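Undergrad: Please read through the structure below; I'll follow up with questions.
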Amino acid sequence: MSADAPLLEVKDLVQEFTVRDSSGAHKLTVHAVSGVSFVLEAGEALGIVGETGSGKSTLARAILQAPRPKSGDVLLRGQNLGALRGRTLAEARRNIQMVFQDPYGSLDPTWRVSQIVEEPLVAFRVGDREQRRRRVAEVLELAGLDPARHARRRPRELSGGQAQRVAIARALALDPALIICDEAVSSLDVLIRAQVLNLFERLRSELKLSYLFIAHDLSLVKHVSDRVAVMYLGKLCEIGPASALYERPQHPYTVALLASIPSPDPRAAPTQLEATVHGEPASPIDPPSGCRFRTRCPRAQERCAAEEPQLRMLGPDQYAACHFPVSEPAPAQAAQ
Amino acid sequence: MSGESAAPAAARRAAAAPGAASATELLAVENLRVDFHSGGRHVRAVDGLNYAVRRGQTVAMIGESGCGKTVSSRALMGLLPRTARVTGSIRFEGRELVGLAEKRLRAFRGAEISMVFQDPTRSLNPTMRVGDQIVEAVRAHSQIPRASARQRALDLMRLVRLPAAAERFEQYPHQLSGGMRQRVMIAIAISGEPKLLIADEATTALDVTTQAQIMELLKDLQRRLGMTLIMISHDLGLAATFADEVLVMYAGRAVERAPTRKLFEQVRMPYTKALIDSIPRLDDPPHMELNVVPGQAPNLAALPPGCPFAPRCPRASEECREREPPFSEQEPDHAWACWHPYGPKDDLR
Amino acid sequence: MAAQPSSGGVAGAIALPLSEQSVAPGGRLRRTLKISIPAGMLLVIFFLCFLGPYIFAVPAPTYTNILDANEGLFSAHHLLGTDQVGYDILSRIFYGGRASLEVALAVNGIGMVVGGLFGMLAGYIGGLRDAVMMRLIDVLIAFPGIVLAIAIAERLGPSEFHVILALTVFSVPAFARLSRAATLRVREETFIVAARLSGTRRHRVLLRHILPNILPQLITFNLLGMGIVVVLEGALSFLNLGIPSPQPSWGNMIANGQTVLTAEPRLVIVPSIALFVTVLSLNLLGDGLREHWSSR
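Right, dumping it as structure tokens:
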């Protein structure tokens, strides 16, 4: 454990699954994550955006070693999580907590709120009963819930927003360094979503937390992230500082994602989506050769099929994996 | 695109049905109330809804869960469970739908009013080929022989931009992606050439890029087929981009209605403003705090007196908590229900 | 963990409004009645069978006085009359019920505890060990049921204990299968993942998370199973492989009564009614509880 190592370092992470095809006869490999690398510094918030099949949730689980990735390294404060087993892994992992998408699904319906929030403390034998009770009250308040009113309730007696706050309180109990939010606001109503996003922001600055904020929509990670990464079919397309990515996207897929967000400004001209992306998302079972986005990319060339693009720097701290990024002149003719 | 005869369809629409309240008004909802009585619990899901839709318009009904938008659209189609009691008036081309017998309503469904739902996975039969499901829908509305129905189904598939229609025809729903399944649903929905298409959260379960593609498709179909579109959503941004007029609902009632641009530029009702504020904008600086309202959605079974939004409203007064504001048109083409609306002099930031 | 499903996209962001959620027809009062009425019936039945003999002055079930034979209903000392040998029917109904209910409770109790735990463990552990465990269960299920029960009873000789043994061969695999299926479902829930990520050890996850969430299903199955076991015991006793004479059970009462069915139908009808009411109450209670738990 070195003091100036980044909080989280992910190197060439690969995760695959085997599934059976629709006839049940053959085994197929789902290439969920195919070589993702990034670094997260302490106190930083990284947004990871991708649509279905991008592998973003699988990436989160792989980082937590649940299940372990097929290959690649995950270093938490310099310590390789892949090399740890059993209780040592659990000890190292207590610094990373997760908030899930389904606010009710992540809470045991037969447990009460206080028990749910206390569970991590019990598992790691933190303090005595009284100290744990105080900590539970503390994190419930941090999450915006009144312990007196909610501690004895069961999940079904809570609203969606309240249930998610309980999940957040539980994640805070062990005072982690990093919280992974896996689509944590996607299932909430818009007004509640805004409340919870604000809560994440406030906790980030008050408690100096780091986040991996996973979402399917670029607009959702905007407010919480310092840097944003875009994933497509198991690969990182682009990663860079939030404002730069939104103002000067480099990768065509990032452009497409930005164009797909319906703008709440009715004066804005409706975007010509066909110009940014066409067709259906490809399957992670049989990803296209070379650049995986080429089948939908309006700028694709022969080179894109033959050679897989690597991440290269295209702006200050901004990287994109593309042979023909948007900032460079458009290729002569799309090879479709 | 081949096959689709848009011209005769549009011509049919131009000749309004006899007895219509107005040649341009397709749908008129007046004082719609939907009550659910179930096991001693009484919930008023829709409370006095008033709105009208003109031919060719796109109207967005916006609200969060429990606001009554889905229930009111199901009432339109007569798709509510038996525990529901519907009162008020729904006039489609002048004909009253409330209280109509199921047999008569069936004549409307699919042929005049059609609906696309949120989750195509649950609306499509997993054991039937998608082509056959479209054929079934086609033959439900016209007695044409199987061969012609198959051709029409293929035409519909091309119309909804399903690539490789002939191949997809033979496939099962699980072999298609979410976006493709939704296109199949749309093909089924328009097979009867309906005058009114209701898209109930039709794109909520889809990826962003797919969502944008489907919305563009719906608008395109609307133009070609002369359909009127009601889109139900929780996403104001979607309404801003695609709708002509927006109706905002809260706790079963309408709280603001205006043409889209006017709604955004001159929002009056604080709930609408809260919705607008809660949309994270791409040009906001990072780590900006969103303008939020506290509290959560009201419990429809136990609504406090007065305005249902009062407990959360930053502008609520005693009057708001005692008397419910009426929903009325207070500026040309702009209606709202509020005692203390934002005015032109208020700083809307 | 499973990969993202490749269909559809982000799961539905909007919960169904309250009015659209399915509510069991009826409502709270009706649901409570669906539970309390059969529960009350069962309480009465248990009370009568176990405490009845002390309240109603009845002779011992095996006491017989040939002079009293063949008394009809509502006769002087015998409320339900006597049978052809002189046994008091009411007394035999009480004691017979006691035997039947003891068998049912024991069989299902053992089934739920042993089978339930076995299946839960197999379902949670998964993999090869799960497969091996379930194949052992399959061996038990593969035997044709009633034949096995008959074989056991014949080999060991008729007695209440042997009946319980024979029928446990049924109930343990049945509970194991159910418990495993329920466990597999609960295991995929997000809160299990969350519990593991919170650092909770596997045995605690099993006991504090999995078990409470599969218990409603096990209990419902238990109640429905009790009805089945009572009937099975009746069948075994009918074949004279169950509770041996002169000890009464509802099953062997029916068996003995059928020889004089035309002359004295009462001897068959009375225990049959007792059997019917008990099994019906058990089933109704099981149904009512299932409805109650699944509507939460």
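Residue numbers (this note's numbering), protein chains in the order written: chain R, 123 to 458; chain P, -2 to 346; chain Z, 3 to 298. Virtual Cβ for every residue (Gly too), placed ideally from N, Cα, C. Just so we're clear, the structure is a prediction, and the values are computed from it rather than from any experiment.
(1) For a quick check, are the C-beta atoms of Z:Ile57 and Z:Gly290 less than 8 angstroms apart?
(2) How long is the line joining the alpha carbons of P:Ala252 and Z:Pro214, rounded to whole angstroms?
(3) In this structure, does DSSP put P:Pro170 in helix, strand or coil?
(4) Hey, R:Pro447 and R:His373: beta-carbon distance below 8 angstroms or not?
(5) Going by beta carbon distance, what residues of the same chain come within less than 6 angstroms of R:Gly172, once the five residues before and after it are set aside?
(6) Quick one: give me the first and last residue of the beta strand (DSSP E) that Z:Tyr97 is part of.
(7) With a threshold of 8 angstroms, are at least 3 pairs of Cβ atoms found where one atom belongs to the stretch 134 to 151 of chain Z and the other to the stretch 85 to 103 of chain Z?
(8) Starting from P:Phe354 and walking both ways along the beta strand (DSSP E), at which residues does that stretch end?
(9) Under the DSSP definition of a beta bridge, which residues are partnered with P:Met58?
(10) What would DSSP say about P:Asn296, mapped onto helix, strand or coil?
(11) In this structure, does DSSP put P:Tyr268 in helix, strand or coil?
(12) For chain R, find out if any of its Cβ atoms is closer than 8 angstroms to the Cβ of P:Gln208; answer yes or no.
(13) Please check if any C-beta of chain R sits within less than 8 angstroms of the C-beta of P:Leu235.
(14) Can you tell me whether DSSP reads R:Ala422 as helix, strand or coil?
(15) With a threshold of 8 angstroms between beta carbons, is R:Phe246 in contact with chain Z?
(16) Output, in sequence order along the chain, the residues in the stretch 256 to 276 of chain P whose CB is closer than 7 angstroms to any CB in chain R.
(17) Out of P:Phe33, P:Arg126, P:Cys304 and P:Asp330, state which residue places its alpha-carbon closest to the alpha-carbon of P:Leu77.
(18) Within 10 angstroms of its Cβ, does P:Met285 collect 16 or more other Cβ (buried), or is it exposed?
(19) Which of the three DSSP states, helix, strand or coil, is assigned to R:Met220?
(20) Are P:Ala255 and P:Asp330 close, meaning C-beta to C-beta below 8 angstroms?
(21) Measure the CB-CB distance between R:Leu130 and R:Leu198 and report whether it falls below 8 angstroms.
(22) Using 8 angstroms as the Cβ pair cut-off and three pairs as the minimum, do the stretch 338 to 357 of chain R and the stretch 307 to 327 of chain P touch?
(23) Can you tell me whether Z:Ile245 is helix, strand or coil according to DSSP?
(24) Taking the C-alpha atoms as reference points, what is the distance between P:Ile87 and R:Ser309?
(25) Buried or exposed for R:Arg418, please, with buried defined as at least 16 other CB atoms from any protein chain shown within 10 angstroms of its CB.
(26) Taking just the CA atoms, how far does Z:Ala197 sit from R:Trp233?
(27) Just to confirm my understanding: we take Z:Gly229, look at its own chain, exclude 5 residues before and 5 after, and list those with CB closer than 7 angstroms. What are they?
(28) Along chain R, in chain order, which residues have C-beta atoms closer than 7 angstroms to that of P:Gly249?
(29) For P:Ala17, name the three-state secondary structure that DSSP assigns.
(30) At the 8 angstroms Cβ level, is P:Met177 part of the contact set with chain R, yes or no?
(31) Within 10 angstroms of its Cβ, does R:Gln219 collect 16 or more other Cβ (buried), or is it exposed?
(32) How do the stretch 370 to 386 of chain R and the stretch 137 to 152 of chain R stand: do at least 3 beta-carbon pairs fall below 8 angstroms, yes or no?
(33) Z:Gln23 by DSSP, collapsed to three states: which one?
(34) Would you mind working out which of P:Gly53, P:Gly37 and P:Gly65 sits nearest P:Val31, comparing C-alpha positions?
(35) From the DSSP secondary-structure annotation, give me the bridge partner or partners of Z:Met122.
(36) Mind pulling the chain P residues with CB within less than 9 angstroms of R:Asp348?
TA: By the coordinates alone:
(1) Within the third sequence, residue 57 of chain Z is the residue found at index 55, counting from 1. Within the third sequence, residue 290 of chain Z is the residue found at index 288, counting from 1. Taking 8 angstroms as the cut-off, the Cβ atoms of Z:Ile57 and Z:Gly290 do not count as close.
(2) Within the second sequence, residue 252 of chain P is the residue found at index 255, counting from 1. Within the third sequence, residue 214 of chain Z is the residue found at index 212, counting from 1. The question names Ala, but residue 252 of chain P in the sequence shown is Val. Looking at the two C-alpha atoms, the distance is approximately 45 angstroms.
(3) Residue 170 of chain P sits at position 173 when you count from the first residue of the second sequence. Residue state, collapsed to three classes: helix.
(4) The residue you call residue 447 of chain R lines up with position 325 of the first sequence. The residue you call residue 373 of chain R lines up with position 251 of the first sequence. Cβ distance < 8 angstroms, so R:Pro447 and R:His373 count as in contact.
(5) Locating residue 172 of chain R in the first sequence gives position 50, counting from the first residue. These residues qualify, in order along the chain: Lys178 and Met353.
(6) As a position in the third sequence, residue 97 of chain Z is number 95, starting the count at 1. Note, Z:Tyr97: premise wrong, no beta strand (DSSP E); alpha helix (DSSP H) at Ile91 to Ile112.
(7) Between the stretch 134 to 151 of chain Z and the stretch 85 to 103 of chain Z, the count of C-beta pairs closer than 8 angstroms stays below three; the two stretches do not touch.
(8) Lying outside -2 to 346, the shown extent of chain P, residue 354 of chain P is not represented and no answer is given.
(9) Position 61 of the second sequence, counting from 1, holds the residue named residue 58 of chain P. Paired residue(s): P:Ile229 and P:Leu244.
(10) For the purposes of this step, residue 296 of chain P is taken as the residue at position 299 of the second sequence. DSSP places P:Asn296 in coil when its eight states are reduced to three.
(11) Locating residue 268 of chain P in the second sequence gives position 271, counting from the first residue. Note: P:Tyr268 maps to helix in three-state DSSP.
(12) Here residue 208 of chain P refers to the residue found at position 211 of the second sequence. True, the Cβ-Cβ gap to chain R drops below 8 angstroms.
(13) Working through the second sequence from its first residue, we reach residue 235 of chain P at position 238. Yes, contact with chain R.
(14) Stepping through the first sequence from its first residue, residue 422 of chain R is reached at position 300. Reduced to three states, the DSSP call for R:Ala422 is coil.
(15) Position 124 of the first sequence, counting from 1, holds the residue named residue 246 of chain R. Interface annotation, R:Phe246: in contact with chain Z, CB-CB separation under 8 angstroms.
(16) Answer in chain order: Thr257, Arg258, Phe261, Ala271, Leu272, Ile273, Ser275 and Ile276.
(17) Stepping through the second sequence from its first residue, residue 77 of chain P is reached at position 80. Closest by alpha carbon: P:Phe33.
(18) Counting from 1 along the second sequence, the entry for residue 285 of chain P is found at position 288. Burial is judged here by how many other beta carbons sit within 10 angstroms of a residue's own beta carbon; P:Met285 has fewer than 16 and is exposed.
(19) Translated into the one-based positions of the first sequence, residue 220 of chain R becomes position 98. Three-state DSSP puts R:Met220 in a strand.
(20) Looking up residue 255 of chain P in the second sequence gives position 258. Looking up residue 330 of chain P in the second sequence gives position 333. Between P:Ala255 and P:Asp330, the C-beta gap is smaller than 8 angstroms, which places the two residues in contact.
(21) Taking the first residue of the first sequence as position 1, residue 130 of chain R is located at position 8. Taking the first residue of the first sequence as position 1, residue 198 of chain R is located at position 76. Taking 8 angstroms as the Cβ cut-off, R:Leu130 and R:Leu198 qualify as a contacting pair.
(22) Judged by Cβ distances under 8 angstroms, the stretch 338 to 357 of chain R makes no contact with the stretch 307 to 327 of chain P, as fewer than three pairs qualify.
(23) For this step, residue 245 of chain Z is matched to residue 243 along the third sequence. Three-state DSSP puts Z:Ile245 in coil, outside helix and strand.
(24) The residue labelled residue 87 of chain P in the question sits at position 90 within the second sequence. The residue labelled residue 309 of chain R in the question sits at position 187 within the first sequence. For P:Ile87 and R:Ser309, the distance between alpha carbons rounds to 32 angstroms.
(25) Residue mapping note: residue 418 of chain R aligns to position 296 of the first sequence, counting from 1. Flag for R:Arg418 reads buried.
(26) Position 111 of the first sequence holds residue 233 of chain R. Position 195 of the third sequence holds residue 197 of chain Z. Computed Cα separation, rounded: 12 angstroms.
(27) Indexing the third sequence from 1 puts residue 229 of chain Z at position 227. Within the same chain, and ignoring the five residues on either side of Z:Gly229 in sequence, the residues whose Cβ sits closer than 7 angstroms to its Cβ are Val281, Leu284 and Asn285.
(28) Counted from its first residue, the second sequence places residue 249 of chain P at position 252. Result: empty, since nearest Cβ-Cβ is about 15 angstroms, beyond 7 angstroms.
(29) The residue given as residue 17 of chain P occupies position 20 in the second sequence. At P:Ala17, the pLDDT of 42 sits below 50, so the modelled position is not reliable; the number obtained from the coordinates is stated separately. Here P:Ala17 carries a coil assignment [DSSP, helix/strand/coil].
(30) On the second sequence, residue 177 of chain P is found 180 positions in, with the first residue counted as 1. Nearest CB-CB separation between P:Met177 and chain R: below the 8 angstroms threshold.
(31) Counted from its first residue, the first sequence places residue 219 of chain R at position 97. So R:Gln219 ends up on the buried side.
(32) No, the stretch 370 to 386 of chain R is not in contact with the stretch 137 to 152 of chain R.
(33) By 1-based counting over the third sequence, the position of residue 23 of chain Z is 21. For Z:Gln23, the predicted model reports a pLDDT of 42, less than 50, meaning its position is unreliable and no value from the coordinates is stated.
(34) Locating residue 31 of chain P in the second sequence gives position 34, counting from the first residue. Closest by C-alpha distance to P:Val31, out of P:Gly53, P:Gly37 and P:Gly65, is P:Gly65.
(35) The residue given as residue 122 of chain Z occupies position 120 in the third sequence. When beta bridges are read from the DSSP output, Z:Met122 appears opposite no residue.
(36) Taking the first residue of the first sequence as position 1, residue 348 of chain R is located at position 226. Those within 9 angstroms of R:Asp348 in chain P are Pro283 and His284.
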